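S.K.: Chains as they are written, first to last, in this note's numbering: chain V, 1 to 271; chain C, 1001 to 1304; chain F, 2001 to 2358.
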């Protein structure tokens, strides 16, 4: 037994193994089933690569045009949402941090509200707002990004704020200003390079949330990746599951990258 | 701004709060208007609309009919089911998640095991909706991998008593898939925040690992655990997409009732009913999230 | 070998217990390839207050934790009252320990914290409460019984931690840098209080610190450690006036490092002959360690120029530069007021010095 195990702060290797093993297996089974499903040969029970290779065939491009368009929509939505985060949220957070410290709690509260007002509730009130939006911006799916900027607020806020709290923003700005830098310069050369971690994390999380969003798109009658997946699953469940799996892997990779960027930043700061 | 202004800046900066050379009152707040306008348009107004449309008829007249409609038997059942599913998945998710966090104690914080579990949990916690429904149909559906395995290996027919996966019992199983990861993400910081000196002090004072956990660790973790549990409850309660993809018949939970009200073509005035349902949901969410924030402040006080 | 926890049998108002002898014999501790303790030998008498002093990484905390059982050892023996405690887990060693910070249980009041050890020993509720209150009174916090840790200042928290450690009348009291996280003034008053209480109770005490002034002020004997070995154990005065190694000379108190020549047991420094402390060094060029108070500013002697002078309340410390460019720090009375740029003369007062080959 290690010292920590003797005083009880750590579980024994056996306990750890059992808990993680059981939970791991229970959670792996559905993923395995998902992957196995994509190789199934109809109801017969054999295995085939057809569903995967079919993605690249001529007919696929035609039959699934709707799905590919939906993927394009979701990509655009992700980009615009990240844009909103970077252009609206980030400057506001920096401004509040530097100039309006008393408003920090207000900002925090606002950014937590979307958890209390979930998408299914928000969408009830979004419908009238979007009838106005459609008049100004047209009825393209990309306008959903306005609503998505709100749904990602809690996650983006937390990611950026963790970074803001970790670096001495006020001191750095004052130092730069006392050396003669204007505010744009301070932002560009002093603050943003140090906020890279939080900004990246916020962006990736926003992408993950946008790719997985269904509620608002569906109830506002727009087409995005998730609504298209549901549609496709009615006619070809295999393709639907393949894309669901790919989306899962993509988000996993994104979040791994965030984790790496985050920890290397931490290690750098500690040296 | 030139270097000549540096002394004034430093003097001003030496005060309690950072201040540039002061501008006129309103101009100062100009920088906040983009965000304020955005939040007003896409959060404040929709929320206000969502809670208030329940009080109006489609002609705009004030009415309590919609709110009264909340007490119709099928709506009450939906609320009951929502509470049931949320509570059960929250409790089980909290316990299993806490066990996993416990199992991770003592592993290296930046090590491979934790980063992977961290990332996987982050993904699965977000992995709701349509894709999750697919995954479980592939696993436990009529042609699901596990269903077929149980049938062939043990002769157990999962669907002997009906298509449970596509009803409330199915939600119980499926929701666990994101509840447990959410618990892991939310609770791990609290568990790692347990100071080793407490365990060491417990040992030097004659205590055992059991007394450490029962008298110290669990009481200290309790607010955080219950807070996370409330968060899980709120998360399940407000989930829509997964249920929408799984349940095609009927509206056994509140979010699906809202769907029914919004897309219904047959019954008029149903959009306002959606407003009433939304109001009901918000009331529940506000109460739960308020409890969560109270517990969070208690936790931060102890684990400074 | 008994493994039962001594149970309180009397409701005596005094908390005193007989101090135990503590011995570390050839204790070795390895962390992977790094040897944190390199065959440490230490014998502590009953009721003695010993300080383990040294820079970070010297092994002092490791030695303390090995004593407590919170760390295992790879070699050697640890005896408490003559009994080998290697196989005895921490919770059965009957010790009291005060940690650097954050050791009070945050969800319990001060009183409940102090009662904890008694509760572990199955002391009845009434007796538990009265003994705990008594312990809190002893550290001057009787009125704070119902306060929680976050409602107490750092100094108060440490005092509660002390009461908690002492209320069970342990055989040995271990303190792991208990004052390091506190403000300077609190540090000084609290260390005196710890010493006072310890003297009253007569508990064998081991006190770890990196602050040499603190160690010298409170301990009966000080063990100076470096890289896992004990360089010297002695009374504060012994360590200060007759340091056994240059490291001790440098670490304990202030020292000037001066170039000198060693021949035949005498150190020649700027024309003055001083006796050598210690032996075994070959003749030749050395670096000598001279205390600031062993140099005087007088009318004639070694020429030097004043660089700076600081007023420290009861004395002055003056930096001077010699003709060869070396800097010296001199401690003297406050009536002499050298100004930067003044030409002065120095006399070495003649105390023996440590020296190490250059």
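For every residue, glycine included, the Cβ atom is placed at its ideal position computed from N, Cα and C.
Fair warning: this is a prediction, and the values are worked out from it, not measured in the lab.
Report yes if the C-beta distance between residue 119 of chain V and residue 205 of chain V is below 8 angstroms; otherwise report no.
M.R.: Not a contact, by the Cβ cut-off of 8 angstroms.
S.K.: Return the residues of the stretch 1222-1240 of chain C that lie within a Cβ-Cβ distance of less than 9 angstroms from chain V, sorted by chain order.
M.R.: Under the 9 angstroms Cβ criterion, the stretch 1222-1240 of chain C contributes 1231, 1234, 1235, 1237, 1238, 1239, 1240.
S.K.: Just to confirm the assignment: which complete beta strand (DSSP E) runs, minimum length 3, are found wholly within the stretch 2043-2084 of chain F?
M.R.: Qualifying beta strand (DSSP E) stretches, in chain order: 2049-2053, 2075-2080.
S.K.: Where do the ends of the alpha helix (DSSP H) carrying residue 1137 of chain C lie?
M.R.: Segment 1129-1140, the alpha helix (DSSP H) holding residue 1137 of chain C.
S.K.: Suppose the cutoff is 6 angstroms on Cβ atoms and the five residues either side in sequence are ignored; what does the same chain contact list for residue 36 of chain V look like?
M.R.: Within the same chain, residue 36 of chain V has no close Cβ partners at all.
S.K.: Specify, as a first and last residue, the run of the alpha helix (DSSP H) that residue 65 of chain V falls within.
M.R.: Run containing residue 65 of chain V: 65-84, per the alpha helix (DSSP H) assignment.
S.K.: So, helix, strand or coil for residue 207 of chain V, using DSSP?
M.R.: If DSSP states are grouped into helix, strand and coil, residue 207 of chain V belongs with the helices.
S.K.: Out of F/2323, F/2326, F/2330, F/2294, which one is the CA nearest neighbour of residue 2311 of chain F?
M.R.: The shortest C-alpha separation from residue 2311 of chain F is found at F/2330.
S.K.: Between residue 2260 of chain F and residue 2307 of chain F, what straight-line distance do the alpha-carbon atoms span, to the nearest angstrom?
M.R.: Their Cα atoms are separated by approximately 22 angstroms.
S.K.: Between residue 2034 of chain F and chain C, is the shortest Cβ-Cβ distance under 8 angstroms, so that the two count as touching?
M.R.: No, no contact with chain C.
S.K.: Does the distance from the CB of residue 1067 of chain C to the CB of residue 1245 of chain C come in under 8 angstroms?
M.R.: Result no, Cβ atoms of residue 1067 of chain C and residue 1245 of chain C do not sit closer than 8 angstroms.
S.K.: If the cut is a Cβ gap below 8 angstroms, which residues of chain V does residue 2089 of chain F touch?
M.R.: 6, listed in chain order.
S.K.: Count the CB pairs spanning the stretch 2139-2151 of chain F and the stretch 1166-1186 of chain C that are closer than 8 angstroms, and state whether there are at least three.
M.R.: Too few Cβ pairs lie closer than 8 angstroms, so no.
S.K.: Measuring CB atoms only, is the stretch 1044-1054 of chain C touching the stretch 1213-1232 of chain C, in the sense that at least three cross pairs come out at less than 8 angstroms?
M.R.: No, because fewer than three Cβ pairs between the stretch 1044-1054 of chain C and the stretch 1213-1232 of chain C fall closer than 8 angstroms, the two stretches do not touch.
S.K.: Strictly below 9 angstroms CB to CB, what residues from chain C border residue 154 of chain V?
M.R.: In chain order: nothing, as chain C lies at least about 11 angstroms away.
S.K.: 8 angstroms is my cut-off, CB to CB: does residue 2105 of chain F come that close to chain V?
M.R.: No, because no Cβ of chain V sits closer than 8 angstroms to the Cβ of residue 2105 of chain F.
S.K.: Starting from the C-beta of residue 1199 of chain C, find all residues in its chain whose C-beta is less than 6 angstroms away, skip the five residues before and the five after it, and write them out in chain order.
M.R.: 1212.
S.K.: By the 10 Å Cβ neighbour count, where 16 or more other Cβ atoms means buried, how is residue 1028 of chain C classified, buried or exposed?
M.R.: By the neighbour-count rule (16 or more Cβ atoms within 10 Å), residue 1028 of chain C is not buried but exposed.
S.K.: Is the Cβ-Cβ distance between residue 2317 of chain F and residue 2292 of chain F less than 8 angstroms?
M.R.: A contact, by the Cβ cut-off of 8 angstroms.
S.K.: Check whether the Cβ of residue 3 of chain V lies closer than 8 angstroms to any Cβ atom in chain F.
M.R.: So, interface residue.
S.K.: Taking C-beta pairs closer than 9 angstroms, name the residues in chain C that residue 2070 of chain F reaches, listed in chain order.
M.R.: In chain order: 1200, 1203, 1204.
S.K.: To the nearest angstrom, report how far apart residue 2240 of chain F and residue 2210 of chain F are at their CA atoms.
M.R.: Those two C-alpha atoms are separated by around 16 angstroms.
S.K.: Which complete beta strand (DSSP E) runs does the stretch 2257-2314 of chain F hold, if anything under 3 residues is left out?
M.R.: As far as the stretch 2257-2314 of chain F is concerned, its whole beta strand (DSSP E) runs of at least 3 residues are 2266-2269, 2272-2275, 2284-2290, 2295-2298, 2302-2311.
S.K.: Strictly by DSSP, which residues pair up with residue 2029 of chain F?
M.R.: Per DSSP, F/2037.
S.K.: Taking the DSSP output, what are the residues bridged to residue 2232 of chain F?
M.R.: Answer is F/2224.
S.K.: Please go through the same chain and pick out, in chain order, the residues whose beta-carbon is closer than 6 angstroms to the beta-carbon of residue 2287 of chain F, but skip the five residues on each side of it.
M.R.: Contacts found: 2257, 2356, 2358.
S.K.: Starting from residue 3 of chain V, follow the alpha helix (DSSP H) in both directions and report where the run begins and ends.
M.R.: Taken as a continuous stretch (DSSP letters only), the alpha helix (DSSP H) holding residue 3 of chain V covers 3-7.
S.K.: Between which two residues does the alpha helix (DSSP H) holding residue 93 of chain V run?
M.R.: Looking at the DSSP string, the run of the alpha helix (DSSP H) that includes residue 93 of chain V is 90-99.
S.K.: In the DSSP assignment, find the beta strand (DSSP E) that holds residue 2344 of chain F and state where it starts and stops.
M.R.: It spans 2343-2348 - the beta strand (DSSP E) in which residue 2344 of chain F sits, taken as one unbroken run.
S.K.: Mind checking residue 2199 of chain F: buried by the 16 CB within 10 Å criterion, or exposed?
M.R.: By the neighbour-count rule (16 or more Cβ atoms within 10 Å), residue 2199 of chain F is not buried but exposed.
S.K.: Which chain C residues sit within Cβ distance under 7 angstroms of residue 2116 of chain F?
M.R.: Within 7 angstroms Cβ-Cβ: 1205.
S.K.: Shorter than 8 angstroms from the beta carbon of residue 1284 of chain C to some beta carbon of chain F?
M.R.: No, its Cβ sits nowhere closer than 8 angstroms to a Cβ of chain F.
S.K.: Between the alpha carbons of residue 56 of chain V and residue 70 of chain V, how many angstroms are there, rounded?
M.R.: The alpha-carbon atoms of residue 56 of chain V and residue 70 of chain V are separated by roughly 17 angstroms.
S.K.: Just checking my contact of residue 1278 of chain C with residue 1070 of chain C at CB under 8 angstroms: how many whole Å lie between their CB atoms?
M.R.: Contact doesn't hold; Cβ gap of about 11 angstroms is too wide.
S.K.: Anyone know if the C-beta pair for residue 148 of chain V and residue 246 of chain V falls short of 8 angstroms?
M.R.: No; because the gap between Cβ atoms is not below 8 angstroms, this pair is not in contact.
S.K.: Give me the DSSP bridge partner(s) of residue 2355 of chain F.
M.R.: The partner list for residue 2355 of chain F (beta bridge, DSSP) reads F/2288.
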